[in-house]
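These notes concern the structure reproduced below.
Next comes the structure, spelled out in structure tokens:
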């Protein structure tokens, strides 16, 4: 029955651009859908039963069975518009006989019969002011999660603290360093030593407030930047404002407390100490590629990138001790690594409740962590229509692990704390509701080892507010304007956020399906041997990079991009034709 509920939700979201302006139709459809979501038996007993909406749900179910997801239909709604109208138009006209019709197939309300019962009130429009649009890639989530929980550990080999960011998209390492490079633009020469002193002192400030600062910077940059290379003006005051930190009131007005200013200034500097070390595909480069008679000399390639690029940095230091205390303000932009996820075709966004920043970073850190995790998960689950899938309590990926609640606490305290956090979020409308998937057996809590043998093995359903679902559904529409009008590209873009979903991607590209890796490799090696072509020459001919081709020939490639597969396939076909001539 969960499938039925999801179909009703999806049908409502898809149909809003087509019929949402028709009060008579839309009010009845939303009321019917609301009844079914609360109780599936209402599908036939609801006072708002709608034959036209039922026809739309049936059509959507058929499309899903054909392998076309609700999200794909939403993205390409213009292509399905006429088909939808054709399916439900006659039923719609019969159901709303007092309605007039527009040329585009939508209908508008005519004169309402006074004897008819009042339609339910229109649902409130989602208030986007309650949410921030944030990046939702797995890389960004993992980075922020590691910062909030201070997962940076001492690397004995390198003598610095590091944290691996391992996802299906990237295999990077975040490291803390006071190293100065060209991405740090300081005004005077003597500022370099001052910078090293500051960063060495503050780089250990990795906590939930630092995660707030990270979100504040990226939210501001996403909202303001017109290009990936654009700097924005940023200061501690923006963080304090977004986190709704209370001001101290005095006779002359109100101001932020000095200790709050300093805490944020230190954490801006702490983020500036993060470098990203990349080796996404464990890339191996052959340095003596041209000399085939010598033993190959191989090295691994690693790219070092700063997390943020800073310019016009204004530093604070104590008036009497001259101790460096943090960054007051700067011009800032994400480094190239982070930019690739925040801007352009890799960008996936979600809506983060303002409460994630407004909750106190010390007293309510578990609230903040859970909100961020749910935001990440809801966006992924919304794409795959699995919003009602429950969350486990225990385990490596369970709620306790996500929130990092200490398991050294007493079991009763752990249970109480988790339930209190969920109840608080429900009261604040961060979530619409939460509940255990089964009725609790209270007698089990009186037995020995109830925590380990019973409670941690339970699951909890946590649902987002309805207005958030509606707003999330509109997010892809902004992004698709930047993509080419190509279904495969749209699907590829939205699957960027599926790191936590164990779902194999669909191979819609014909080239991927017929690509014979061994045959192509054999053809390349044959040309190297008999035509004495180097890897660089062949790479230029195929139009891919030499390192990619080298890894492919040496069977060191984890996976090939669709672009590389397509170019290799075309090159292979050309060679086959040339050999037959």
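Residue numbers (the working numbering): 2 to 582. Glycine included, each C-beta is placed from N, C-alpha and C at the ideal position.
One thing to note: residue 11 has its Cβ within 8 Å of the Cβ of residue 386. As DSSP reads the structure, residue 558 sits in no beta bridge. Check the Cα spacing between residue 136 and each of 350, 565 and 426: the tightest is with 350. In its chain, beyond the 5 residues on either side, 547 have a beta carbon closer than 6 Å to the beta carbon of residue 537. Taking C-alpha positions only, residue 323 is separated from residue 364 by approximately 31 Å. Around residue 522, the same chain offers 553 and 554 as residues with beta carbons nearer than 7 Å, after the five sequence neighbours per side are excluded. Relative to the Cα of residue 275, the nearest Cα in the group 206, 332 and 429 belongs to 206. Here residue 57 carries a helix assignment [DSSP, helix/strand/coil]. In the DSSP assignment, residue 331 is bridged to 235.
If you draw a straight line from the Cα of residue 520 to the Cα of residue 172, it comes to about 29 Å. The C-beta distance from residue 214 to residue 263 rounds to 13 Å, too long to fall under 8 Å, and the pair is not in contact.
Remark: fewer than three beta-carbon pairs, one from each stretch, lie closer than 8 Å, so the stretch 246-265 and the stretch 221-229 are not flagged as touching.
Of the other Cβ atoms in all chains shown, 16 or more fall within 10 Å of the Cβ of residue 383; this residue is therefore buried. The shortest C-alpha to C-alpha distance from residue 33 to any of 22, 23 and 51 is the one to 51. A straight line joining the alpha-carbon of residue 446 with that of residue 151 spans about 34 Å. A direct Cα-Cα distance of roughly 10 Å separates residue 452 from residue 411. Exposure of residue 321 is indicated by the presence of fewer than 16 other C-beta atoms within 10 angstroms of its C-beta. Look at residue 276 here: in three-state DSSP terms it is strand. In this structure, the alpha-carbon of residue 78 lies about 12 Å from that of residue 86. Residue 165 is bridged by DSSP to 174. If you look at residue 250, you'll find it in the beta strand (DSSP E) that goes 249-251.
Around residue 141, the same chain offers 342 as residues with beta carbons nearer than 7 Å, after the five sequence neighbours per side are excluded. Of the candidates 459, 54, 154 and 311, 54 places its Cα closest to the Cα of residue 94. For residue 354, the beta-bridge partners assigned by DSSP are 132. Take residue 458, set aside five residues on each side of it, and the residues of its chain with a beta-carbon closer than 7 Å to its own are 395, in chain order. DSSP links residue 392 through a beta bridge to 461. Here residue 319 is exposed. Its C-beta has fewer than 16 other C-beta atoms within 10 Å.
For residue 525, same chain residues with a beta-carbon under 7 Å away, outside a window of 5 residues either side, are 539 and 554 in chain order. Between residue 25 and residue 133, the C-beta gap is not smaller than 8 Å, which leaves the two residues out of contact. With a threshold of 16 other beta carbon atoms within 10 Å, residue 256 falls short and is exposed. DSSP places residue 316 in the strand class (E or B) of the three-state scheme. For residue 228, the closest C-alpha among the options 326, 155 and 336 is that of 336. Inter-residue distance for residue 309 and residue 332 is about 10 Å (C-alpha atoms, whole angstroms).
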